[in-house]
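Worksheet: the structure to be examined is printed underneath.
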Amino acid sequence: MGKKRYGFVVRESLCIDCRACMVACSVENNVRPGKHRNWVRTIGPTGTFPALTMWFRPGTCMHCANPPCEIVCPTGATYRRDDGLVEIDKDKCIGCKYCMPACPYNARYFDETRGVVDKCTGCAHRVDAGEEPACAHACMTGALVFGDLNDPTSKAAQLLAGGQGRPIGPATGTQPQIFYIPATAAAPEDHAIRTSVNTVSELWQDLHVAGSLGLGLASLGALGVFGFAHHNAQEHFASVAKEHELTPEDQGKGEASKEEDQS
Amino acid sequence: MTRPDGLVPRYRLMQRVSHWMLTVSFGVLLLSGLALFIPVVSHWLASSAGRTLHRIAAVGFGLTPLFYFLTDRQGLTQLLRDSFSYDKDDLAWFKHFIPYAFGLARNLPPQGRINAGEKLHHAAIVVGFVVISLSGLVLWFWADMPAEARLIVLMAHDLSMLGMAVLTVGHVFFVFVYGAFSGMWNGYVTELYARTEHPKWLARMEAEGKVMRPER
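Same order as they appear, the protein sequences are chains A and B. Counting from 0, one number per residue, gives the positions in the first sequence under numbering that gives the first Met the number 0. Counting from 0, one number per residue, gives the positions in the second sequence under numbering that gives the first Met the number 0.
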């Protein structure tokens, strides 16, 4: 038995947009009123009347295998568990919100009451107790299925065995772990993702490192030439003192004597 | 026969208090912000304490100009006037910037109370102050802004701070190379310093009888 890889499989043809998953999540996880950790997106309608078609696509944190939110998190509050669930350690989250634009799926929101970023936990507390997440448990049509994708006996893995499952925005390189089985081949892919922001956000994180290094180097450079520059300036001061027949008081250590002058 | 060096009043008490108020709050803001990007250090911020500290310092930082205005209006006006007026000597001074940075200050065009480099520095700090404060307020009070907007505001916030941090390194460097620290500490600089660095200002102070010369 290898490593676990938890994920969701969505059978789009079964989702009826009842939003029981959203309610169940909010109740289970005490989600702040007005906010939701998960969603149901409407795709379509497409076609020409009367031959119109519409699909519903439930989603939540994709528990990416390569999560950009984890990369940009400065405190390590966002982390990926060995079983694949991406979590936020609320005690480590400082609410900087860098992760929010980093997520291509907009799966994160800021919880003002607690001052931390919040998102789907994959109901890790239930999973650890051997149960499925509240959303999948509440799904009455079986559209939303949770399981260990590495375990060939799990229902989720079996659903994916046909090779029809497709992740949203694979081009982001995030390796999302929710796989959607389209209702028909005609169902359009989901474009409600922010690839560009995600890329810029990661680039931005690299720039921070570069900026911090640059600042450090500038400081070191200033320290490096300080002795030389200070020596030259002292010589110049001495020549001005000579020219104006002044007795220079501070030969580099005059601060104390000046303070005495003041008192 | 030489005479002892004199003293010239450079900054009044409340000007210095304003300066150090800005310095301390800036330092706290820089360190508590920079710590986010240094992996080892960032874990220390892992509570709401770092965020609260950053915001307390932000209030102090943002209110410094108001504090300056309320406590020494004349000083603030004078600073703005001196900082944002350039004359021919200032423009000529810029050509000497690189040797000046290495302490080679000979044949510099004579400077007033604020030298040309400081004038540019002050202008950049004003721009940085406005950008960092406005973007900070937006980040603080608009929790639900769209991701794209947040990214842009974050960039403005961080870039302006990086700019000001680099300027601050330069500021500290020049202060200690040319021994200007006492002006902002006890309020006085030596006549020799003023004569070397700010001769036009010294001439004005002499005319106003403000140069203190010790008894022989």
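Glycine is no exception: its CB is placed at the ideal position from the N, C-alpha and C atoms.
Neighbourhood of residue i by C-beta distance below 6 Å, restricted to the same chain and skipping five residues each side
| i | result |
| --- | --- |
| S216/B | A query on residue 216/B cannot be resolved here, the shown segment of chain B reaching from 0 to 215 and no further. |
| R4/A | G83, L148, N149 |
| M211/B | G5, L6 |
| V174/B | F180 |
| S134/B | V152, A155, H156 |
| K23/A | A quick correction: the sequence has Ala, not Lys, at residue 23/A. Hits under 6 Å: A133, C134, A137. |
| L107/B | H95 |
| M163/B | G127 |
| G58/A | W38 |
Anticipated Cβ contact below 8 Å, residue i with residue j, distance rounded
| i | j | result |
| --- | --- | --- |
| C119/A | R193/A | 18 Å between Cβ atoms; not a contact. |
| C138/A | C20/A | 6 Å |
| Q174/A | N29/A | Not confirmed; about 30 Å, so no contact. |
| D90/A | Y78/A | Going by Cβ atoms, the distance from D90/A to Y78/A rounds to 12 Å, so no, they are not a contact pair. |
| P103/A | G168/A | 6 Å |
| T246/A | T195/B | About 15 Å; that fails the 8 Å criterion. |
| L214/A | L161/B | 7 Å |
| Y177/B | A232/A | 5 Å |
| N105/A | A146/B | 7 Å |
| V168/B | S25/A | The pair is not a contact, with the Cβ atoms about 50 Å apart (cut-off 8 Å). |
| F225/A | F172/B | 7 Å |
| G111/B | H170/B | Contact flag wrong, Cβ pair sits at about 18 Å. |
| R10/A | G141/A | 7 Å |
Close-in-space but distant-in-sequence residues of the same chain around residue i (CB under 7 Å, 5 per side omitted)
| i | result |
| --- | --- |
| G59/B | M20, S24 |
| F66/B | S17, M20 |
| L166/B | H120, A123, I124 |
| A184/A | none |
| C98/A | C68, V71, C72, T77, R107, V116 |
| R15/B | M183, G186 |
| P8/B | G186, Y187, K209 |
| R11/B | D71, G74, G186 |
| G61/B | S132 |
| T198/A | none |
Residues of its chain near residue i, where Cβ-Cβ distance is below 8 Å and the 5 sequence neighbours each way are ignored
| i | result |
| --- | --- |
| A265/A | Because chain A in this structure spans residues 0 to 262, residue 265/A falls outside the shown range and cannot be described. |
| E131/A | C122, R125, F145, G146 |
| E201/A | P67, I70, V71, A101 |
| T63/B | S17, M20, L21, S24 |
| A135/A | F7, C20, L143, V144, F145 |
| Q176/A | R4, Y5, G6, F7, M61, H62, C63, A64, G83, L148, P166 |
| G162/A | none |
| Q157/A | P151 |
| H53/B | V27, L28, S31, G32 |
Environment of residue i [buried if 16+ CB atoms lie within 10 Å]
| i | result |
| --- | --- |
| P151/A | exposed |
| G49/B | buried |
| S267/A | No answer is possible for residue 267/A: the residues shown for chain A start at 0 and end at 262. |
| T171/A | buried |
| V188/B | buried |
| A209/A | exposed |
| E190/B | buried |
| T112/A | exposed |
| P213/B | exposed |
| D71/B | buried |
| V115/A | buried |
| T74/A | buried |
| A148/B | exposed |
| P181/A | buried |
| I131/B | buried |
| V239/A | buried |
| R203/B | exposed |
| A218/B | Outside the displayed range of chain B (0 to 215) lies residue 218/B, so it cannot be described from this structure. |
| P129/B | As written in the sequence, residue 129/B is Val, which differs from the Pro given in the question. When all chains shown are included, V129/B counts as exposed. |
| L79/B | exposed |
| L136/B | exposed |
Amino acids of chain E, ordered along the chain, whose beta-carbon sits closer than 9 Å to that of residue i
| i | result |
| --- | --- |
| R193/A | In the structure shown, chain E does not exist; the protein chains are A and B. |
Does the stretch 90-104 of chain A come into contact with the stretch 142-153 of chain B, if we say contact requires no fewer than three beta-carbon pairs (one atom in each stretch) closer than 8 Å?
yes
Cβ pair count under 8 Å reaching 3, the stretch 53-60 of chain A against the stretch 35-42 of chain A
yes
Segments assigned alpha helix (DSSP H), at least 4 residues, entirely inside the stretch 2-46 of chain A:
For the stretch 2-46 of chain A, the continuous alpha helix (DSSP H) assignments of 4+ residues that do not extend past its boundaries occur at 19-28, in sequence order.
4 or more residues per run - each alpha helix (DSSP H) lying fully within the stretch 97-159 of chain A
Qualifying alpha helix (DSSP H) stretches, in chain order: 98-101, 123-127, 133-137, 154-159.
Touch test, the stretch 97-116 of chain B against the stretch 149-156 of chain B, Cβ-Cβ under 8 Å, three pairs minimum
no
Tell me the start and end of each unbroken beta strand (DSSP E) in the stretch 4-91 of chain B that is at least 3 residues and wholly inside, in chain order.
6-8
Hey, which unbroken runs of the alpha helix (DSSP H) at 4 residues or more fall wholly within the stretch 54-105 of chain A?
67-71, 98-101
Every unbroken alpha helix (DSSP H) within the stretch 98-148 of chain B, with a cutoff of 4 residues, ordered by chain:
Counting only runs of 4 or more, we get 115-140.
Extract the residue ranges of the beta strand (DSSP E) inside the stretch 164-193 of chain A, only unbroken runs of 3 or more that lie entirely within it.
177-180
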